[in-house]
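>
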Amino acid sequence: MSGNKKIPLRKCIATNEMKTKKEMVRIVRSKEGDVSIDVTGKKSGRGAYLSKDKEAILKAKKKNILSGHLQAKIDESIYDELLALVEEEAGAEK
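Have a look at this one:
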């Protein structure tokens, strides 16, 4: 038996690309309707995945994809947080 563990893939709601969870960020809406960024990927609630990519985040914002997917109003600050997160990670890789 080989140790090839199946890597779970998730679909980006903005680009429709399949990527590993590491390459994505999860946004979750709780039962109470609070929308937050789930960095652990373990929060309960309705989740949506976005690529850790500035273009994908801006596309989701422009087309209001997150709001439709999570059936909740998405605060502007969520997108700001997402962009900051992506830029932080990009900076860390260099």
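Under the numbering used here, the sequence shown has 193 at position 29, and the numbering climbs by one with no breaks.
Don't be surprised by glycine CBs; every beta carbon is placed ideally from N, CA and C.
Note that the coordinates shown come from a computational prediction; the quantities given were computed from them, not determined experimentally.
Going by Cα to Cα distance, which pick from Lys225, Tyr213 and Gly255 is closest to Lys183?
As a first step, residue 183 is located in the sequence shown; it is residue number 19 there, counting from the start. Closest by alpha carbon: Tyr213.
> With which residues is Ile201 paired in a DSSP beta bridge?
Translated into positions along the sequence shown, residue 201 becomes position 37. Per DSSP, Ile191.
> According to DSSP, what are the bridge partners of Tyr243?
For the purposes of this step, residue 243 is identified with residue 79 of the sequence shown, where counting begins at 1. DSSP, once it has assigned bridges, lists no residue as partnering Tyr243.
> By the three-class DSSP mapping on this structure, what secondary structure does Lys169 have?
The residue labelled residue 169 in the question sits at position 5 within the sequence shown. Correct three-state label for Lys169: coil.
> Answer with buried or exposed for Leu230, where buried requires no fewer than 16 other C-beta atoms within 10 angstroms of its C-beta.
In the sequence shown, counting from the first residue as 1, residue 230 sits at position 66. It is buried - the Cβ of Leu230 has at least 16 other Cβ atoms within 10 Å.
> So, Thr179 versus Asp239, is the Cβ gap smaller than 9 Å?
On the sequence shown, position 15 is the one that residue 179 refers to. On the sequence shown, position 75 is the one that residue 239 refers to. Contact: no.
> DSSP three-state call for Thr212: helix, strand or coil?
Sequence index remark: in the sequence shown, residue 212 carries index 48 (1-based). Reading the sequence as shown, one finds Ala at residue 212 and not Thr. Ala212: strand per DSSP, three-state reduction.
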